[in-house]
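One structure below.
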Amino acid sequence: MADVPPSVKGMNDILAPEVSRWHFLEEKARTILESFAYRELRTPVLEYTPLFVRSVGEVTDVVEKQMYTFDDRDGRSVTLRPEGTAPAVRAYIERAQWNREPVTRWYYIGPMFRHERAQRGRLRQFHQVGAELFGVADASADAELMAMLHTFLVELGLPAAEIQLSLNSLGEPGERAAYRDALVAYLTTHEAKLDEESRRRLSTNPLRVLDSKNPDVQALVANAPVLLDTLGDESKQRFARVQSLLTALGVPHQVDPRLVRGLDYYTGTVFEFKTNAGDLGAQNTVGGGGRYDGLVASLGGPQVPALGFGLGIERTLLALREPAENFEPALSVFIAPMDTAALDFALPIAHRLRVAGVRVEIEHRGGSLKSQLKRADRLKARLAIIVGGSEVAARKVQIKDLATGKQHEAAEAEVESKVRGLLD
Ligand code: HAM
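All residue numbers for the sequence shown refer to numbering that gives the first Met the number 0, where the first residue is 0 and numbers rise by one.
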């Protein structure tokens, strides 16, 4: 037999029972985001490449190394979206959304694509729940957004004690530029101790050196000037307000002055949620985000402040301990017809039950009662409806409660009400 071409590395099929955990998470996301007045935005998975280069930033890992970029058949460069913020901003500008709704709250759930080294919790097609809020400059929106994400994680079942929220402020662009100069001056005096990657970043994107995983560079960075200390009074007060509102909202948090995040569009508050819960290993950042007050204008829209977050669905699910089977909807009824005449009699009964919303499997392949009941058991059915020759002749069925073993008879017309009574 010929070998089947394998799935693409780092891209997974998601099937039952695991898919039930996805449904659970997605439903929770919709419920919570909608109660915070967010509405769903669906954008295409493909965008023209310059959208990401200009927003995420030319000198970022995502743009330099990770994008799935290719020319489409018209010869234009397109990219599978590596993240959801840039497409949301593009849609916001193209629709002149500020004229329709000065405060726009959008959320999205869908696949993102990054050509990273695949490992546990790091995929090439992964999925995010994300939200973007346009049109509010006040620090209260920053706290509200983080509190919403915190609530979502708790509602999913992550123990609050195992959720860590770190935040930082990158300040105003002018403040960051001044800090950048100070950081470059410091790092340049220690250039010999930098690795090749950090040396390259020193000239292209020096703040990213703060993110280095190399222990020697980390040691150097530990004594570097701290961005938060260099911020002006207004930025400091704003950041203090974000923190006091988080406290008022009951969200534990800690300031991490080295948190810079990997995407260039951020201004002001940035944050990340990590957790030690479950099975995450090294990739324990489940979500992150922040303000990007300059992005709408830099992509050609008006000056509109904005902020948002992205949460990795795969990583979040790895953190949940509850086994997938617990999320699977139970099968209510298994119908076991003993022969073809019984199948013909039972199929319309199955159909009526299904149309009425009862979850029903019917055996189309025949087989002994024993083998059929075994399958009903494996499918964890609550009831079995057994139909043999005498049932067909009398136009009735036997309904067996598989938990108690008790058997009930029902005439064809009473099946639905009887089933409902037994399921309640
Ligand atoms: P991000 O930090 O690049 O931010 O991604 C957000 C989350 O997506 C990460 O915390 C992680 O859980 C998940 N993630 C990222 N890459 C992978 C991967 N290769 N495999 C599995 N999961 C991954 C953003 O994408 C921003 N758009 C968030 C944002 C929205 N900022 C403002 N608004």
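Ideal Cβ placement from N, Cα and C applies to all residues, glycine included.
For residue i, report the span of its alpha helix (DSSP H) as first-last.
i: residue 185; result: 172-188
i: residue 420; result: 414-422
How about residue i and residue j: do their beta carbons lie closer than 8 Å?
i: residue 252; j: residue 244; result: no
i: residue 166; j: residue 229; result: no
i: residue 210; j: residue 259; result: yes
i: residue 331; j: residue 357; result: yes
i: residue 361; j: residue 346; result: yes
i: residue 411; j: residue 334; result: no
i: residue 125; j: residue 313; result: yes
i: residue 227; j: residue 256; result: yes
i: residue 81; j: residue 96; result: no
i: residue 102; j: residue 58; result: no
i: residue 148; j: residue 310; result: yes
i: residue 385; j: residue 401; result: no
i: residue 238; j: residue 130; result: no
i: residue 181; j: residue 224; result: yes
i: residue 414; j: residue 396; result: yes
i: residue 250; j: residue 152; result: no
i: residue 142; j: residue 248; result: yes
i: residue 421; j: residue 398; result: yes
i: residue 263; j: residue 55; result: yes
i: residue 273; j: residue 266; result: no
Please classify residue i: does DSSP put it in a helix, a strand, or coil?
i: residue 406; result: strand
i: residue 109; result: strand
i: residue 47; result: strand
i: residue 101; result: coil
i: residue 149; result: helix
i: residue 2; result: coil
i: residue 156; result: coil
i: residue 239; result: helix
i: residue 39; result: strand
i: residue 306; result: strand
i: residue 60; result: helix
i: residue 94; result: coil
i: residue 278; result: coil
i: residue 13; result: coil
i: residue 71; result: coil
i: residue 220; result: helix
Between which two residues does the beta strand (DSSP E) holding residue i run?
i: residue 20; result: Unbroken run through residue 20 is the alpha helix (DSSP H), 17-34; no beta strand (DSSP E).
i: residue 167; result: 162-168
i: residue 385; result: 382-386
i: residue 398; result: 395-400
i: residue 124; result: 124-133
i: residue 297; result: Looking at the DSSP string, residue 297 is not in any beta strand (DSSP E); the run it does join, the alpha helix (DSSP H), is 294-297.
i: residue 326; result: Taken as a continuous stretch (DSSP letters only), residue 326 belongs to no beta strand (DSSP E), as it is neither H nor E.
i: residue 336; result: 332-336
i: residue 367; result: First-last for residue 367: undefined, no H or E at that position.
Is the region 99-118 in contact with the region 42-58, if contact means three or more CB pairs nearer than 8 Å?
yes
When the Cβ atoms of the region 20-38 are set against those of the region 145-162, are three or more pairs found closer than 8 Å?
yes
Contact the region 317-332 vs the region 6-19: 3+ CB pairs below 8 Å
yes
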